[in-house]
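Quick notes on the structure that follows.
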Ligand SMILES: Nc1ncnc2c1ncn2[C@@H]1O[C@H](COP(=O)(O)OP(=O)(O)OP(=O)(O)O)[C@@H](O)[C@H]1O
Ligand SMILES: [Mg+2]
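Next up, the structure:
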């Protein structure tokens, strides 16, 4: 049976690094690098006080081994960084690639140091500042305008199929008990059932889901939300591009705005997009935003949102209209719901 890195010893890491990277330093310590579900992500500390991040994608979800997951996702992640870091701004906001073991699905990337992500935004105790918001949009500007060589393809199809199910299909099934929503927020199950029973809404989601598979020549991150943005002593970095592919840029913008809606930072984020991003299909952005808001409230990929039924119901009502109409303005003036 294959031994994944969660069962490796210091000497297993040392042997692997010697073979792959030609590096002979002694591993003094290895620890989980930070919160994550999908992969094994460790920080290796060496005798000389340097450190690296090692990330492995097993053929299942690291935290939930019963759930299968496409094992080449680390290769997609690596490919994204290789393509994106051709641009100076993107390189400045990405970790460095140090080595890839395609067989064992292991990547070594530079350690950005002790980092915090932006999960705290969901608590609505602190607003995202305008400067950070601008940087986040500026990153997407650089990413989406990058020309991709005609020789390159980037489908990441297995990861996309997985995401497609969880975003566009499963949250809209009338009969589905994947999650006990009343245990999350009393009263939420009935609000979610209204969404699930809405056949027009389901049709809108299916139609949008087809666009998720549209081929383009634009590299997109594919999971542009607060857990992929990290703050370090060296500034803001964007990580975890395992869902990347050549697709519609409106997907990144929609997901970005969805999480700004969920954390009640919509206005500042929309203004940043309008000021910096330039032309895009706002109706499509609005629809991708809406579908993401819906699935984050009603389906299994839950977030530490403010646990307030009125807030969640308000966002569901707004999102179900927006998914049908593409009107982004529906998200203006959301009440503040600090926990
Ligand atoms: N290069 C890095 N430098 C410093 N810390 C890192 C680095 N890469 C990852 N981390 C830390 O490890 C955590 C998990 O990493 P990452 O998000 O890449 O893993 P994941 O398993 O893909 O997560 P998820 O299940 O959310 O997709 C990050 O939130 C961050 O705290
Ligand atoms: Mg990930």
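Numbering (my numbering), first residue to last: 1252 to 1590.
Heads up, the beta-carbon is just placed ideally off N, CA and C, and yes, glycines get one too.
DSSP lists no bridge partner for residue 1517.
The C-alpha of residue 1285 is placed about 38 Å away from the C-alpha of residue 1575. A residue is listed when its beta-carbon falls short of 7 Å from at least one non-hydrogen atom of ligand 2; in chain order these are 1287, 1289, 1290, 1474, 1491, 1493. A straight-line Cα-Cα distance of about 37 Å links residue 1277 and residue 1409. Contact between residue 1489 and residue 1388 does not hold, since the beta-carbon distance rounds to 12 Å and is not under 8 Å. From the listed residues 1311, 1257, 1310, the smallest Cα separation to residue 1293 is found for 1257. Of the heavy atoms belonging to ligand 1, none sits nearer than 7 Å to the Cβ of residue 1462.
With a minimum length of 4 residues, the unbroken runs of alpha helix (DSSP H) contained wholly in the segment 1337-1387 fall at 1339-1343.
One alpha carbon belongs to residue 1496, the other to residue 1472, and they sit about 7 Å apart.
Around the C-beta of residue 1525, fewer than 16 other C-beta atoms lie within 10 Å, and the residue is accordingly described as exposed. Where residue 1302 is concerned, the enclosing beta strand (DSSP E) starts and stops at 1302-1307. If you draw a straight line from the Cα of residue 1485 to the Cα of residue 1363, it is about 8 Å long. Residue 1363 has its Cβ nearer than 7 Å to a heavy atom of ligand 1. For residue 1311, there is no enclosing beta strand (DSSP E), as DSSP gives it neither H nor E.
Fully enclosed alpha helix (DSSP H) runs of no fewer than 4 residues occupy 1560-1576 of the segment 1545-1585, in order along the chain. Counting of Cβ neighbours within 10 angstroms places residue 1309 among the buried residues, the total reaching 16 or more. Within 10 angstroms of the beta-carbon of residue 1577 lie 16 or more other beta-carbons, which makes it buried.
Fewer than three pairs of CB atoms, one per stretch, sit closer than 8 Å, so the segment 1534-1554 makes no contact with the segment 1386-1406. For residue 1278, the enclosing beta strand (DSSP E) covers residues 1278-1283. Counted as a single uninterrupted DSSP element, the stretch harbouring residue 1254 is not any beta strand (DSSP E), since DSSP gives it neither H nor E. Check the Cα spacing between residue 1366 and each of 1570, 1480, 1587: the tightest is with 1480. Straight-line spacing of the CA atoms in residue 1439 and residue 1423 works out to 15 Å. Rounded to the nearest whole angstrom, the CA to CA distance from residue 1585 to residue 1282 is 40 Å.
Under the three-state reduction of DSSP output, residue 1319 falls in the strand class. Ligand 1 has no heavy atom closer than 7 Å to the beta-carbon of residue 1398. By the C-beta density criterion, residue 1549 is buried, having at least 16 other C-beta atoms within 10 angstroms. DSSP, read as helix, strand or coil, puts residue 1490 in coil.
Residue 1564 has its alpha-carbon roughly 46 Å from the corresponding atom of residue 1350.
Between residue 1554 and residue 1531, the CB-CB gap reaches or exceeds 8 Å.
Where residue 1332 is concerned, the enclosing alpha helix (DSSP H) starts and stops at 1324-1335.
About 21 Å separates the CB atoms of residue 1395 and residue 1460; that is not less than 8 Å, and the two are not in contact. In the DSSP annotation of this structure, the continuous segment of the beta strand (DSSP E) that includes residue 1294 starts and ends at 1291-1297. Residue environment for residue 1454: exposed (fewer than 16 other C-beta atoms within 10 angstroms of its C-beta).
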